[in-house]
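Student: One structure follows; several queries about it will come next.
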Amino acid sequence: MFTLRTGAAALAATVMLAALAACGSDGQEGAGAEPAASGPRTLKLWHYESADGAMGKAWAEAVKQFEATHPGVKVQFEEKAFEQIRQSAGMILNSDEAPDVMEYNKGNATAGLLSKQGLLTDLSAEAAKRGWDKLLSPSLQTTAKYDDRGVMGSGKWFGIPNYAEYVMVYYNKDLFEKHKVEVPTTFEQFTAAMDTFAKAGVTPLAVGGAEYPAQQIFYQLALSKAQRPWVDGFQLYKGKVDFHGPEFTYAAETTADWVKKGYIAKDSAGTKAEDMGLSFIGGKYPMVVTGSWWYGRFVTDVKDFEWGSFLWPGNTLHAGSSGNIWVVPENAKNKDLAYDFIDITMKKEIQNLLGNAGGIPVAADPAAITDPKSKELIENFTKLSTADGLAFYPDWPAPGYYDVLVAGVQNLINGTKKPAEVLDELAGPYEENLADLGN
Amino acid sequence: MIRKYSVLVSLAVLAVVMLVPFAIVTLNAVRSPADYSANGPLSLPDGLYLDGIIDFWNRVDFGGKLWNSLLISGSVAVLAVVLSVFNAYALGIGRVRGRTWILVVFLVANTLPQEALVYPLYYLSKEVGLYDTRLGVIIIFTVVQSAFGTYLLSSVLGRFPHEILEAAALDGAGKWRALWRVVVPISRPTLSVLLIFFFIWTWNEFFLPLVFLISNENQTVPVALGVLQGDKMMDATMSSASALLGILPAVVFFLIFQRTLTRGVTVGAIK
């Protein structure tokens, strides 16, 4: 009893003292910050990529180059939690704690919203002066520009993407050989290949119905019947989208049909993306349709078989977009340094490094990519990008649309609702959002 | 006899159910990523792999986060108990007019979702220059926790025997002296329980520290664990390593003060 009491008291006393000490030092830091502005400068940089990923490696090199070309400037880098930036970016950028340059999610609900609130710096003049606008293809620029309503696609530049991402088909070369299936180049060959696997008792596609993968297959199917104006209508609200038009009707009916034919497992509606990836890594499925963000993971984790990737056959439009973007907060204290840093990340050297590390650079020199797998990945992207084929993601157009799509596609996989009913479910929240935007 | 065994069996089942998540986290914390991809999360690891834990510790400077968490939770626990005692002395023993309504207001403050408090707190702390400081978070949680503490202690002190206080007053003790020499020593078991609860609750807080502690050097343990959760990807083995590191301090704290806890719950306020 006695020891416990003194223990508690000692703990309390230490903590109180520490609290006082901490308050004191905080005050000093605040006071010391002001004269520092005239002395050596610091560039405050935040991003949330892991240090051993492609972007982490490339940006670490960019920091080195920045410090070499800017003597007297220190880069103060902090690795942030994605969740923290997602939850509180608006509050951080509205305060004195805002960084000078930061990675942020592209899209209407994120960068678009902050630009509308006046928290981001207009980069249009810098983009033109430094030639960023020429390095980025039109569909990559879509997520860099936002109009007065915060809708992407036109208006001023508020972000600069460094890398891109797209949805493709990863395939298990060993299983393809075993079942004597060739890499398909047309949609007919693709379905024929899946048929061969299904007849042999192998489910051809690993699908995660509980998260984003299933809706991306659904979207790819819709895109196979679509042209650019349809994408502009659906994603950028230029023109009306008919949810019972040929694109979505085909997507819904084909998804349901693929489940019937055994291309998609009936029980995949509850599968998470992580489990989907693991089942492909484990060699259980010949193909998985998912994004380039899985690429690095497959490179390090697939040990037992050869694998490769190809674009979804027959489509000119594919789900994909620029990666996250660099933004410069309006409250940043060293905007000139931030522009210099972004410029370095767009240089060929850094872009090539990003490509060789397994990322998809936006302005690399294709000849400098030496790794054969990365070459395949980037060549496919170049094919897609030169045809202006990035069609973004199906959950982008409306807030909370992700969950609507997950539920809708789950109904298709489980067969609990007819395709036409599912399309009605998808149409509702989309139209509501349009009405909110005043379209 | 049958009844006795059925109780035993159901308790054992319950214990297993409680321990399974902990066991899975531990298994995956010491598993290499390659092993995880090959064999999945449920098999026994091939060998002891501690790189995940070490990498995570260095990557987020876990020592610093531990200190921040300890500092914030410790200060909040002590300050909130002190504040609760003052409030409850006035409300429970002092019998302030309208105390029921005051308690209702405290309870409302306690049940409000933190999401609703975030914006007002954000603007206030920015105005007074406490945004992104540990002191700001300490003040916020002292108030939040003492709202509950006031409610609990007021009802405990409401039943405090008046004879003791009258005797103290006859002996010449003023209100201040009666509080420190009579009320606090007698309510000590309840106060220690409160102290421990406040410490653990504050330790586990995620949302407000996430919003208010922006700089990495100010962050707490639960916020640091969030670094590993990516946009689309997650690193299962390293997340497990971090989760293990994150719950260990709370477990250790609980084991140390476990006796105080049980005693406080069983003894009640009056000896």
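Chains as they are written, first to last, in the numbering used here: chain W, 47 to 485; chain G, 166 to 436.
For glycine and all other residues, C-beta sits at the position ideal for the given N, C-alpha and C.
1) Report yes if the CB atom of E211 of chain W is closer than 8 angstroms to the CB atom of V452 of chain W, and no otherwise.
2) Below 8 angstroms on the Cβ atoms is my contact criterion, and I expect L402 of chain G with N193 of chain G to pass it. Report the Cβ-Cβ distance as a whole number of Å.
3) Which chain G residues sit within Cβ distance under 8 angstroms of I486 of chain W?
4) Taking all protein chains shown into account, decide if G70 of chain W is buried (16 or more other Cβ within 10 angstroms of its Cβ) or exposed.
5) Could you pull out every residue in the same chain whose Cβ sits closer than 7 angstroms to the Cβ of G284 of chain W, ignoring the five residues on either side in sequence?
6) Using a beta-carbon distance below 8 angstroms, is Q273 of chain W in contact with chain G?
7) Under 6 angstroms Cβ to Cβ from P230 of chain W, same chain only, skipping five residues before and after it: list those, please.
8) Going by C-alpha distance, which of W:G136, W:L282 and W:S420 is nearest L399 of chain W?
9) Can you tell me where the beta strand (DSSP E) holding G366 of chain W begins and where it ends?
10) Just the C-alpha distance for P250 of chain W and R196 of chain G, rounded to the nearest angstrom, thanks.
11) Could you tell me the alpha carbon to alpha carbon distance between G177 of chain W and F427 of chain W, rounded to whole angstroms?
12) Identify whether Q74 of chain W lies in helix, strand or coil by the three-state DSSP scheme.
13) So, Q279 of chain G versus F364 of chain G, is the Cβ gap smaller than 8 angstroms?
14) Based on Cα-Cα distance, which residue from W:T295, W:D241 and W:F243 lies nearest to L267 of chain W?
15) Quick check on the DSSP output: the beta strand (DSSP E) that includes Y212 of chain W runs from which residue to which?
16) Would you mind giving the Cβ-Cβ distance between P465 of chain W and Q261 of chain W, rounded to the nearest angstrom? I have them listed as a contact below 8 angstroms.
17) What residues from the stretch 309-334 of chain W come within 8 angstroms of chain G, judged by C-beta to C-beta, listed N to C?
18) Which stretch, first to last residue, makes up the beta strand (DSSP E) that contains Q122 of chain W?
19) State the Cα-Cα distance for the pair S171 of chain G and A177 of chain G, rounded to the nearest angstrom.
20) From the DSSP output, in three-state form, read off P443 of chain W for me.
21) Leaving out five residues before and five after S170 of chain W in sequence, what residues of the same chain have Cβ atoms less than 6 angstroms from its Cβ?
22) Rounded to the nearest angstrom, what separates G401 of chain W and T416 of chain W at their Cα positions?
23) Could you check which residue in W:G136, W:D382, W:L472 and W:Q130 has the C-alpha nearest to that of H290 of chain W?
24) Quick one: any contact between the stretch 304-315 of chain W and the stretch 184-192 of chain W, if contact means 3 or more CB pairs under 8 angstroms?
25) Under 8 angstroms between C-beta atoms, does D347 of chain W make it to chain G?
26) May I ask you to report which of helix, strand or coil DSSP gives W372 of chain W?
27) Determine which residues share a DSSP beta bridge with F422 of chain G and list them.
28) Would you please verify whether the beta carbon of M137 of chain W is less than 8 angstroms from any beta carbon of chain G?
29) Near P374 of chain G, which residues of its chain fall below 8 angstroms by C-beta distance, leaving aside the five closest residues on each side in sequence?
30) Is DSSP giving Y358 of chain W helix, strand or coil here?
31) Run through chain G and tell me which residues come within less than 8 angstroms of E143 of chain W, C-beta to C-beta.
32) Is there a Cβ of chain W sitting closer than 8 angstroms to that of S202 of chain G, yes or no?
33) Do the stretch 340-352 of chain G and the stretch 408-419 of chain G touch if we need at least three Cβ pairs shorter than 8 angstroms?
34) Should D220 of chain W be counted as a contact of the ligand SAH given a C-beta to heavy atom distance under 7 angstroms?
35) Name the one or two DSSP bridge partners that P412 of chain W has.
36) Are Q130 of chain W and G391 of chain G touching if we call contact CB-CB under 8 angstroms?
Tutor: Reading it off the structure:
1) no
2) The amino acid at residue 402 of chain G is misidentified as Leu; the sequence shows Thr. 6 angstroms between Cβ atoms; contact.
3) Since the first residue shown for chain W is 47 and the last is 485, residue 486 of chain W is missing from the structure and cannot be characterised.
4) Reliability of the predicted coordinates at G70 of chain W is poor, the pLDDT of 39 falling under 50, and no value is obtained from them.
5) The residue you asked about is not Gly; residue 284 of chain W is Lys in the sequence shown. Excluding sequence neighbours, K284 of chain W sits near D278.
6) no
7) F236, A239 and P359
8) W:S420
9) G366 to S368
10) 30 angstroms
11) 21 angstroms
12) Model confidence at Q74 of chain W stands at a pLDDT of 37, short of 50, so the residue's coordinates are unreliable and nothing is read from them.
13) no
14) W:T295
15) A210 to N218
16) So it is not a contact: roughly 14 angstroms between Cβ atoms.
17) A319, E320, L324, I327 and G328
18) V119 to E125
19) 10 angstroms
20) coil
21) K202 and W203
22) 9 angstroms
23) W:L472
24) no
25) yes
26) strand
27) In the DSSP output, where bridge partners are listed per residue, F422 of chain G has none listed.
28) yes
29) I237, V302, Q384, T385, P387 and V388
30) In the sequence on display, residue 358 of chain W carries Trp and not Tyr. Coil, per DSSP.
31) Y296, D297, I379 and S380
32) yes
33) no
34) For the structure depicted, the ligand SAH is absent and the ligand set is empty, with no information on it obtainable.
35) Looking at the DSSP assignment, P412 of chain W forms no beta bridge with any residue, so it has no partner.
36) yes
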